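Q: This note's numbering applies: residue 12 is where the sequence shown begins, and numbers increase by one.
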Amino acid sequence: MKSPAGHASSTAEIPPHGDVPRHVAIIMDGNGRWAKRRHLPRFAGHRRGVEAVRATVKACAEHGVGFLTLFAFSSENWRRPPDEVALLMQLFIGALENEVQKLHRNGIRLKVIGDQTRFDRKIQALIADGERTTASNTGLTLTIAANYGGRWDILQAFNRFLKENPSKAEGAIRESDLTPFLSMSYAPEPDLFIRTGGEQRVSNFLLWQLAYTELHFTDALWPDFNAAALEAAFASYRERERRFGRTSEQLDDATLPVATGA
Ligand code: IPE
Ligand code: IPE
Ligand code: MG
Numbered sequence: 012m013k014s015p016a017g018h019a020s021s022t023a024e025i026p027p028h029g030d031v032p033r034h035v036a037i038i039m040d041g042n043g044r045w046a047k048r049r050h051l052p053r054f055a056g057h058r059r060g061v062e063a064v065r066a067t068v069k070a071c072a073e074h075g076v077g078f079l080t081l082f083a084f085s086s087e088n089w090r091r092p093p094d095e096v097a098l099l100m101q102l103f104i105g106a107l108e109n110e111v112q113k114l115h116r117n118g119i120r121l122k123v124i125g126d127q128t129r130f131d132r133k134i135q136a137l138i139a140d141g142e143r144t145t146a147s148n149t150g151l152t153l154t155i156a157a158n159y160g161g162r163w164d165i166l167q168a169f170n171r172f173l174k175e176n177p178s179k180a181e182g183a184i185r186e187s188d189l190t191p192f193l194s195m196s197y198a199p200e201p202d203l204f205i206r207t208g209g210e211q212r213v214s215n216f217l218l219w220q221l222a223y224t225e226l227h228f229t230d231a232l233w234p235d236f237n238a239a240a241l242e243a244a245f246a247s248y249r250e251r252e253r254r255f256g257r258t259s260e261q262l263d264d265a266t267l268p269v270a271t272g273a
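1) Specify whether the stretch 135 to 143 and the stretch 85 to 93 touch according to this definition: at least 3 beta carbon pairs, one from each stretch, less than 8 Å apart.
2) Would you give the residue range spanned by the alpha helix (DSSP H) that R206 belongs to?
3) State buried or exposed for Q220, treating a residue as buried only when at least 16 other CB atoms are found within 10 Å of its CB.
4) Under 8 Å, do L153 and V35 count as touching if we go by C-beta distance?
5) Grab me the residues of V96's own chain with a C-beta within less than 8 Å of its C-beta, minus the 5 sequence neighbours each way, in chain order.
6) Using only the alpha-carbon positions, how far apart do P92 and R129 sit?
7) What's the gap between the Cα of R44 and the Cα of I38?
8) Please report the straight-line C-alpha distance between A273 and L51, rounded to a whole angstrom.
9) Please confirm if the stretch 158 to 168 is in contact with the stretch 222 to 233, defined as three or more CB-CB distances below 8 Å between the two stretches.
10) Cβ of A156 within 8 Å of Cβ of I124?
11) Just jot down, in chain order, the residues whose CB lies closer than 6 Å to any heavy atom of ligand 2.
12) In the DSSP assignment, what are the bridge partners of L121?
13) Starting from the Cα of K13, find the closest Cα among R185, V31 and N176 and give me that residue.
Here it is as structure tokens:
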């Protein structure tokens, strides 16, 4: 079973997977603690976090990663103090204004996922411009998850599917009906998930898409994340045995038949 972009669903078939993850998804956590340790305001950590984003995008492009997805602002981050939210929005605007041309020059395609209706018009326009400018680039696809929540994503997919298929019978909805409506239908499911900052939780990130993703947690705070930390995550990934429900013996003997689900 393939998505509209031709990517395999991990629960319907065994997706292709090699030594370099095709899709890396990162929860960039720990900016506030990075700043606190230096007796700086939290905002200083967020600003340094943008530099870590630049370094990570560059390193992923150099490794030949196809898709990099960064969690920048969750649907629950509105609960933060209003001045911190406002500063994060300013940083987002600044990054969109300053980085899009650089991404474009480097052949990177920009995508933004999440509920954009809660952003002001200026941000919405910058996102649309950035996506339009870089739409035909064929290098790394950089996705920024902003006002994103995994539950929101599944619900918006369901609602859009039902709107287009109002007569669909109860009980007849299949995985492949829903996946074209998920906000990352253009990408394969993540091979590698990284969370910096020491917490071992998913915090409502890509709930559907992480079904068979390898998880890597590091204590490094996001502003300290760099090419070496990415290499360490890739090294850990290379050691994993991705079974997708099968046994080790089946992996050793490629001649054994594999039944696929769904
Ligand atoms: C991640 O860093 C950035 C966002 C959630 C926007 P945090 O701001 O969560 O940093 P900590 O977890 O408080 O250290
Ligand atoms: C997750 O980090 C969201 C982003 C990195 C954008 P949080 O710092 O918001 O997560 P929790 O609250 O510790 O789970
Ligand atoms: Mg945090």
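Glycine included, every Cβ here is placed at the ideal spot set by N, Cα and C.
All values derive from a computational prediction rather than experimental measurement.
A: On the basis of the coordinates in this document:
1) no
2) From DSSP, R206 is part of no alpha helix (DSSP H) but of the beta strand (DSSP E) over L203 to R206.
3) buried
4) no
5) N88 and W89
6) 17 Å
7) 15 Å
8) Its pLDDT being 46, under 50, A273 is placed unreliably by the model, and the measurement read from it follows with that caveat. Looking at the two C-alpha atoms, the distance is approximately 52 Å.
9) no
10) yes
11) I38, M39, D40, F82, A83, F84, S85, N88, E210, R212 and S214
12) L153
13) R185
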